[in-house]
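Trainee: One structure follows; several queries about it will come next.
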Amino acid sequence: MLKDLFMGLSQNQFLNSAAKKYGLKLGAQSVVAGTNIEEAIQSIKELNAHGISCTVDNLGEFVFKNEEAIAAKEQILKVIEAIHDNQVDAHISLKPTQLGLDIDYNFCVDNVREIVDRASQYNMFINIDMEDFKHLQPTFDLLDELSLEYDNVGTVIQAYFHNALEYLEKYQNFRIRLVKGAYKEPEEIAYQDKKEIDANYIKLIEWHLLNGKFTSIATHDHRIISHVKEFVKKHNIPHDKFEFQMLYGFRKEFQLKLASEGFNFCTYVPFGNDWYGYFMRRLAERPQNLNLVAKQVFNK
Ligand code: FDA
Numbered sequence: 001m002l003k004d005l006f007m008g009l010s011q012n013q014f015l016n017s018a019a020k021k022y023g024l025k026l027g028a029q030s031v032v033a034g035t036n037i038e039e040a041i042q043s044i045k046e047l048n049a050h051g052i053s054c055t056v057d058n059l060g061e062f063v064f065k066n067e068e069a070i071a072a073k074e075q076i077l078k079v080i081e082a083i084h085d086n087q088v089d090a091h092i093s094l095k096p097t098q099l100g101l102d103i104d105y106n107f108c109v110d111n112v113r114e115i116v117d118r119a120s121q122y123n124m125f126i127n128i129d130m131e132d133f134k135h136l137q138p139t140f141d142l143l144d145e146l147s148l149e150y151d152n153v154g155t156v157i158q159a160y161f162h163n164a165l166e167y168l169e170k171y172q173n174f175r176i177r178l179v180k181g182a183y184k185e186p187e188e189i190a191y192q193d194k195k196e197i198d199a200n201y202i203k204l205i206e207w208h209l210l211n212g213k214f215t216s217i218a219t220h221d222h223r224i225i226s227h228v229k230e231f232v233k234k235h236n237i238p239h240d241k242f243e244f245q246m247l248y249g250f251r252k253e254f255q256l257k258l259a260s261e262g263f264n265f266c267t268y269v270p271f272g273n274d275w276y277g278y279f280m281r282r283l284a285e286r287p288q289n290l291n292l293v294a295k296q297v298f299n300k
C-alpha cells in the first residue's frame, strides 16, 4: 500500500516541479548531496577520503522540453569538468529521459553522445541508468549505438524482469550495474514477490561474476552482500572484478565497513534541485525511510 502511494507520488509531475522551487525538504537533504556542483564535489571528497569511489547523478526527470534536456546536458558536462579539475575519484550516472528520450530518440542520442565523448577524453565512465520498462528498449538501443564509438559506457540490469538474464547475456561484455529494480512494473513482465526478485538477483550476480566483465552490485541488502562475499571467496573471483554500490546517505556505517574490509565500493551521489521523484522512490522501496522525514519534521 505505502509502496504504491509513494510510487504514485514519485510520478506526480505537479509535485515534481513544485518541489524544485523549495530546495531540499522533508529529510531529502540526508540522501541528496546538495543542490549544486560544489556541494556534490565536497561530498565526493569526503567519501574519497574513506577509499570510496562515487558515481554522480545530476537529478532530473520528466523532461519534455528541448531546452530542459540541453540544460541538463550542459550541467552534466560541468560535472565532468569539475570531477576532472578536482581530481576526485568519480564518474557519471545519467538518465536518458533527462536528456530528451521522451522528446526524440535521436536528440537524446546526440546529447548523451556529447557527454560520453567529453568523459572519454578523461577516461571517465558513463553509466546509463535504467528507468521504467517503457524506456528499457530505447535505452538498450542508445547503448548499442554509443558502444560502436565508445567503450566508456555501461548500463543497469534490473532483476525484477522475467527476461533479466537474457538482457544480461546480451550485455555481458559491458560494465554492468545489477539492481533489484525500482519502478512499478506489471506482473506479466516482472516478479512482484520479494523472494522471487531476490532469487533472480542472486542468479544474475553469480552469472555475471563468473561470465562477465566488471560487475557493480548495487544493493543495501546485507543478506545479498554476505552471499556475494562467500561466493567470490569460493570461486576465487578477484576483488578488482566487482564492486559494491549503495546510495548516498543510506547505511553509511555499512558502506565504510565494506570499504575498510578491502572491497571496491562506490557510492551513488545524487544532487540538484530535482530531488522529489528520486526521494519518493526511496520511500517506496523502504517505508522505514519515512524515519528520515519524521526526524526532519519533528526535530525542529
Ligand atoms: P531492499 O530494499 O530489497 O532491502 C533488503 C533488505 O536490506 C531490507 O529488508 C533491510 O533488511 C535491508 N536494508 C535495505 N535498506 C536499508 C537501510 N537503508 N538501512 C538498513 N537496512 C536496510 N533501480 C533501477 O531501477 N534503476 C537504476 O538505475 C538503479 N540504480 C541504482 C544504483 C544504486 C547504487 C543503488 C543502490 C540502487 C539503484 N537502483 C536502481 C534501486 C534498486 O533497484 C532498488 O530499488 C533499491 O536498491 C532497493 O533495493 P535493495 O537491493 O537496496 O534492498
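Per full-length UniProt numbering, the sequence shown starts with residue 1, numbered consecutively. Think of the CB as a built atom: it goes at the ideal place given N, C-alpha and C, for glycine as much as any other residue.
By Cβ distance, which residues of its chain are closer than 7 Å to His220, with the 5 residues on each side in sequence left out?
Mentor: Excluding residues within five positions, the ones whose Cβ falls inside 7 Å are Met246, Phe250 and Arg251.
Trainee: Give the straight-line distance between the Cα atoms of Phe133 and Glu185, rounded to the nearest whole angstrom.
Mentor: Cα-Cα distance, rounded: 7 Å.
Trainee: Run through the region 19-68 for me and flag every whole alpha helix (DSSP H) of 4 or more residues, listed as ranges in chain order.
Mentor: Counting whole runs of 4 or more residues, the region 19-68 contains the alpha helix (DSSP H) stretches 37-48.
Trainee: Closer than 6 Å to a non-hydrogen atom of the ligand FDA - does that hold for the CB of Arg251?
Mentor: Checking every heavy atom of the ligand FDA against the Cβ of Arg251, one is found closer than 6 Å.
Trainee: Can at least three beta-carbon pairs, one atom from the region 86-106 and one from the region 115-130, be found at a separation below 8 Å?
Mentor: Enough Cβ pairs lie closer than 8 Å, so yes.
Trainee: Please tell me whether Ile197 and Ala159 are closer than 7 Å, where the distance is taken between their beta carbons.
Mentor: Yes.
Trainee: How long is the line joining the alpha carbons of Lys203 and His162, rounded to whole angstroms?
Mentor: Looking at the two C-alpha atoms, the distance is approximately 12 Å.
Trainee: Under 8 Å: do the region 40-60 and the region 83-93 share three or more Cβ pairs, one atom per stretch?
Mentor: Output reads yes: the region 83-93 touches the region 40-60.
Trainee: Below 8 Å on the Cβ atoms is my guess for Leu168 versus Pro138; work out the distance and round it to an integer in Å.
Mentor: Actually they are not in contact, since the Cβ atoms of Leu168 and Pro138 sit about 18 Å apart, beyond 8 Å.
Trainee: For Phe174, tell me which candidate among Asp193, Ala190 and Val153 has the shortest Cα-Cα distance.
Mentor: The candidate whose alpha carbon is nearest that of Phe174 is Val153.
Trainee: Return the CA-CA distance between Glu74 and Ile80, expressed in angstroms with no decimal places.
Mentor: Taking the straight line joining both Cα atoms gives about 10 Å.
Trainee: If contacts are defined as beta-carbon pairs under 8 Å, then Tyr171 and Ile189 qualify, I think. What distance do you get, rounded to the angstrom?
Mentor: So it is not a contact: roughly 18 Å between Cβ atoms.
Trainee: Please state the DSSP three-state secondary structure of Val88.
Mentor: Coil, per DSSP.
Trainee: To the nearest angstrom, report how far apart Asn264 and Leu256 are at their CA atoms.
Mentor: In a straight line, the C-alpha of Asn264 is about 11 Å away from that of Leu256.
Trainee: Provide the residue(s) that pair with Ile217 in DSSP beta bridges, ordered along the chain.
Mentor: Answer by DSSP bridge pairing, in chain order: Leu178 and Phe244.
Trainee: Can we count Leu247 as close to the ligand FDA, meaning its CB is less than 6 Å from some heavy atom?
Mentor: Yes.
Trainee: Between Ala40 and Arg177, what straight-line distance do the alpha-carbon atoms span, to the nearest angstrom?
Mentor: When rounded, the distance between both Cα atoms is 22 Å.
Trainee: Quick one: does the C-beta of Ile162 sit closer than 6 Å to a heavy atom of the ligand FDA?
Mentor: Contrary to the premise, residue 162 reads as His rather than Ile in this sequence. No - the ligand FDA has no heavy atom lying nearer than 6 Å to the Cβ of His162.
Trainee: How about Gln192: is its Cβ closer than 6 Å to a heavy atom in the ligand FDA?
Mentor: Every heavy atom of the ligand FDA is 6 Å or more from the Cβ of Gln192, so no.
Trainee: With a CB to CB cut of under 8 Å and the five nearest residues on each side skipped, what residues in its chain are close to Tyr122?
Mentor: Counting only Cβ-Cβ distances below 8 Å, and skipping sequence neighbours, we find Ile80, Ile83 and His84.
Trainee: Please find out if some non-hydrogen atom of the ligand FDA comes closer than 6 Å to the beta-carbon of Gln255.
Mentor: Flag unset: Cβ of Gln255 not near the ligand FDA.
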